[in-house]
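Using this note's numbering, read the sequence shown as starting at 37 and increasing by one per residue.
All residues carry an ideal CB built from backbone N, CA and C; glycine is no exception.
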Amino acid sequence: SESGDHDGPITAGGPPPDEAGLRDALSAMVGESRQQVPALSAVKVDGERLYALTRRGEQVERPTRTVVVERADLVSYDPMTGHALVELRCGPGTYIRQLAADVGERLGCGAYCHELRRTDVGSLSVSGAIALDQLAPGCGMEPIEVVGHLPRVDLDDRAAADIAHGRRVQGAPPGEVGPIALAHHGELLAVAEAADGVLKPRVVLTG
Numbered sequence: 037s038e039s040g041d042h043d044g045p046i047t048a049g050g051p052p053p054d055e056a057g058l059r060d061a062l063s064a065m066v067g068e069s070r071q072q073v074p075a076l077s078a079v080k081v082d083g084e085r086l087y088a089l090t091r092r093g094e095q096v097e098r099p100t101r102t103v104v105v106e107r108a109d110l111v112s113y114d115p116m117t118g119h120a121l122v123e124l125r126c127g128p129g130t131y132i133r134q135l136a137a138d139v140g141e142r143l144g145c146g147a148y149c150h151e152l153r154r155t156d157v158g159s160l161s162v163s164g165a166i167a168l169d170q171l172a173p174g175c176g177m178e179p180i181e182v183v184g185h186l187p188r189v190d191l192d193d194r195a196a197a198d199i200a201h202g203r204r205v206q207g208a209p210p211g212e213v214g215p216i217a218l219a220h221h222g223e224l225l226a227v228a229e230a231a232d233g234v235l236k237p238r239v240v241l242t243g
C-alpha cells in the first residue's frame, strides 16, 4: 500500500508466511535501526513535504532516521488470511505503518497496517482512561501525575514567578538535559527544557 494502510491503493503481494517466519521477521525488527520514512510522510525534502512530492509523482530519495523498537510480539495470526495482531513498544519517531511494510518486504509477501491503536504513552496507559460519559470532578489524574515519568524540580516562590512569566531560571539538576517537570507547592507549574544548569519553560500552566 502506498499509504502504508488500507486507505491507499493495495498492490497484490505473495502468499502469507507461516507463523514461525513471521515471528522471526518481527524479532529482526527489535533493536536500533535506520528506518526509511514513508513516502506520504510530512518530512521535508529540499524544503517540500514528502507527501506532496509523492502525490505529484516525483521520485525522490526518502531520508532515513534512527528508530528503536523495544519489542514486537505476535499476539495472534491467521495464516489463511495473513491477518496478524502485533503488540509493539517503540521509541519516538518510529513509523508503525512503515514497520509493517518492512516486515512484509523481509518476508517477500508485502504487508500494510490495517488498524493502529496507541495504548501507552510514557507513564500513561489506555487502561487508566475514563470514558467521556463517566467524567466527573476529581476522577482524573492531577497534572503533576501526568508528567510523573519526567524528572522533577520543586521551585521556590521567586523562581516560580519567573517561570510563570516565561523567564529562564537556574536550578536544573547537574547533567540533566531534556524535558523536566517544574512544581510549585506540589502542583505542576510548567514543563521546561533543561540544559547547562538552566531551566527554559516550554509549556507553562497558569490561571
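About 11 Å separates the beta carbon of Leu224 from that of Val189, a gap too long to meet the 8 Å contact definition.
If you draw a straight line from the Cα of Val103 to the Cα of Gly214, it is about 18 Å long. For Leu160, the pairing in a beta bridge is given by DSSP as Val157. The three-state secondary structure of Ser39, taken from DSSP, is coil.
Boundaries of the beta strand (DSSP E) around Pro237: Val234 to Val240. Runs of the beta strand (DSSP E) lying entirely within the segment 91 to 118 and spanning at least 3 residues, in chain order: 100 to 114. A contact between stretches requires three or more CB pairs, one per stretch, nearer than 8 Å, and the segment 127 to 134 fails this requirement with the segment 52 to 59.
Between Leu86 and Glu38, the C-beta gap is not smaller than 8 Å, which leaves the two residues out of contact.
Under the 10 Å beta carbon count, Ala172 is surrounded by fewer than 16 other beta carbons and is classified as exposed. Annotated as distal: Gly49 and Cys149, with beta-carbon spacing of 8 Å or more. When only Cα atoms are considered, Val182 and Arg101 end up about 29 Å apart. Listed as beta-bridge partners of Cys145 by DSSP are no residues whatsoever. One thing to note: Val105 has its Cβ within 8 Å of the Cβ of Leu124. Gly93 and Ala108 have their C-alpha atoms roughly 33 Å apart. Distances from the alpha-carbon of Arg70 to those of Gln134, Tyr113 and Glu212 put Gln134 closest. Closest in alpha carbon position to Pro99, among His42, Pro74 and Gly176, is Pro74. When secondary structure is reduced to three states using DSSP, Val182 falls in the helix class. Partner residues in the beta bridge of Ile216, as assigned by DSSP, are Ala228. Fully contained in the segment 183 to 213 are the following alpha helix (DSSP H) runs of length 4 or more, in chain order: 193 to 200. The secondary-structure analysis by DSSP pairs Gly67 across a beta bridge with Val105. Separation of Gly222 and Arg204 (C-alpha to C-alpha, rounded to the nearest whole angstrom) is 20 Å.
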